[in-house]
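Structure record follows, encoded as structure tokens.
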Amino acid sequence: MRKLFCILVAGVWTFVCFFLTLATMVLTFSAARGLWVVRRLWSPVLVWAGGGKLEVLGQENVDPNRPTIYVANHQSTIDIPAHFMAVPVPFRYVAKEQLKWVPLIGWYLAFGGHVFINRSNRAKAIASLDAAAKKIRGGTSIFLYPEGTRSEDGRVLPFKKGPFALALKARVPICPVTIEGSGKLMPKDSWNITPGPIRVKIGKPIDTTRFAEDDREGLARAVRDVIIADNLALGGKGGDAEDAVASSGQEGIGASRAHSIS
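According to numbering that gives the first Met the number 0, the sequence shown holds residues 0 to 261 in order.
So this is what it looks like as structure tokens:
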């Protein structure tokens, strides 16, 4: 019954909020006003329908007057509304290009000025990151998932280096954002809902100017180490600190693991 209830609520409420968000953006000429609908109306209802109880720690580390890159681990589809609620600034997501074609949600992301990345084409991926950098320089915060996919068991997966090239190029702070519990509530590729807590911790911003302009791996490891530590503190499984960087062209597979398999 919970599964059917969540599917019904998610479908109907997303349909309603899509048109409400679109109307808000058109009438106010502001994508940020559309984000208010997503954060205050759409997201809470989806978390509620799944039986999630959201707890947020570290909101004092969010500075709405400063463009910031928020980097999070990824456990579940429910992470998206949970993060909209947890981080109270009008950020834009950096998302897979495939999401652009998802009805309603993908359309909203496109209309709302979020950034899509085509990971299968290096030139297009670089162009997408350049577009994200342009938004940051214009004062807009960015939110992204450097694992590139959702974790199946809750462990923090290896990070892709590309997002950290963006951070080093923009030279703005990175806030590590850690989520725990969402993967138990709604596992990857499943509508089998188990109500429970979702805990989000926003870490202190990391100064990217302390890293060399080409030190993508060093920055990725520093951010991931914080997320692993915070995930363990929230009751999660943490992750492999050594296998920190994803293999080229892979999601969820670290370079050292890929080397040992080959």
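Positions of the beta carbon are idealized from the N, C-alpha and C atoms, including for glycine.
This one's a predicted model, so the numbers in the text were calculated from it and none came from an experiment.
Selected residue, minimal CA-CA separation from residue i, among the options
{"i": "F90", "options": "N72, W35, L53 and I178", "result": "W35"}
{"i": "K200", "options": "E216, W190 and Y69", "result": "Y69"}
{"i": "R1", "options": "L184, G217 and A31", "result": "L184"}
{"i": "P162", "options": "V93, T23, L7 and I252", "result": "V93"}
{"i": "R198", "options": "L21, E96, V55 and T13", "result": "V55"}
{"i": "H82", "options": "L143, F210, Y107 and F28", "result": "L143"}
{"i": "K95", "options": "F158, V11, S127 and F210", "result": "S127"}
{"i": "G33", "options": "V44, C16 and L45", "result": "C16"}
{"i": "R121", "options": "S140, M84, K160 and V101", "result": "K160"}
{"i": "T23", "options": "V37, V11, W12 and T13", "result": "V37"}
{"i": "L21", "options": "G153, L45 and Y107", "result": "Y107"}
{"i": "E166", "options": "N191, I178, G180 and E212", "result": "In the sequence as presented, Glu is not what sits at residue 166; that position holds Ala. Considering only alpha carbons, the answer is E212."}
{"i": "K168", "options": "R65, I125 and D229", "result": "I125"}
{"i": "Q58", "options": "L40, Q74, M84 and P80", "result": "M84"}
{"i": "V44", "options": "P80, T67 and S29", "result": "P80"}
{"i": "D78", "options": "N230, V46 and G253", "result": "V46"}
{"i": "L231", "options": "P66, F18, E179 and V25", "result": "E179"}
Residues near residue i by beta carbon distance below 7 Å, same chain, minus five either side
{"i": "I227", "result": "V155, G237, G238 and A240"}
{"i": "A48", "result": "F4, C5, V8 and A9"}
{"i": "I260", "result": "For I260, the predicted structure reports a pLDDT of 46, less than 50, and the residue's modelled location is therefore unreliable. A value from the coordinates is still provided. Contacts found: none."}
{"i": "F158", "result": "P145, E146, A219, R223, A243, V244 and A245"}
{"i": "V88", "result": "V61, P63 and S140"}
{"i": "T76", "result": "M185"}
{"i": "Q74", "result": "R149, S150, G153, I178, S181 and G182"}
{"i": "H258", "result": "Below a pLDDT of 50, predicted positions are generally treated as unreliable, and H258, at 49, falls in that range; the measurement from the model is reported next regardless. For H258, where only same-chain residues beyond five positions count, there are no Cβ hits under 7 Å."}
Residue i, buried or exposed, once every other Cβ within 10 Å from all chains shown has been counted against 16
{"i": "S42", "result": "buried"}
{"i": "L3", "result": "exposed"}
{"i": "G138", "result": "exposed"}
{"i": "L53", "result": "buried"}
{"i": "D188", "result": "exposed"}
{"i": "E151", "result": "exposed"}
{"i": "T27", "result": "exposed"}
{"i": "V86", "result": "buried"}
{"i": "G234", "result": "exposed"}
{"i": "R215", "result": "buried"}
{"i": "N191", "result": "exposed"}
{"i": "V101", "result": "exposed"}
{"i": "V11", "result": "exposed"}
{"i": "F210", "result": "buried"}
{"i": "V225", "result": "buried"}
Cut-off 6 Å between Cβ atoms - residues of its own chain near residue i, not counting five sequence neighbours on either side
{"i": "G251", "result": "T148 and L156"}
{"i": "K123", "result": "N117"}
{"i": "G105", "result": "L98 and K99"}
{"i": "V176", "result": "Y69, A71 and I201"}
{"i": "T13", "result": "L103"}
{"i": "P194", "result": "G50"}
{"i": "D129", "result": "none"}
Proximal residues to residue i (C-beta, below 8 Å), its chain only, five neighbours per side dropped
{"i": "N60", "result": "C174, I201, G202, K203 and P204"}
{"i": "A109", "result": "K99 and F115"}
Beta bridge counterpart(s) of residue i as assigned by DSSP
{"i": "L143", "result": "V70 and V93"}
{"i": "T177", "result": "K200"}
{"i": "I226", "result": "DSSP output for I226 lists no bridge partner at all."}
| At least three beta-carbon pairs within less than 8 Å, the segment 205-215 to the segment 171-181 | Yes, since at least three Cβ pairs between the segment 205-215 and the segment 171-181 fall closer than 8 Å, the two stretches touch.
| said: Within 8 Å, do at least three Cβ pairs link the segment 132-149 to the segment 111-120? | reply: Segments in contact, yes.
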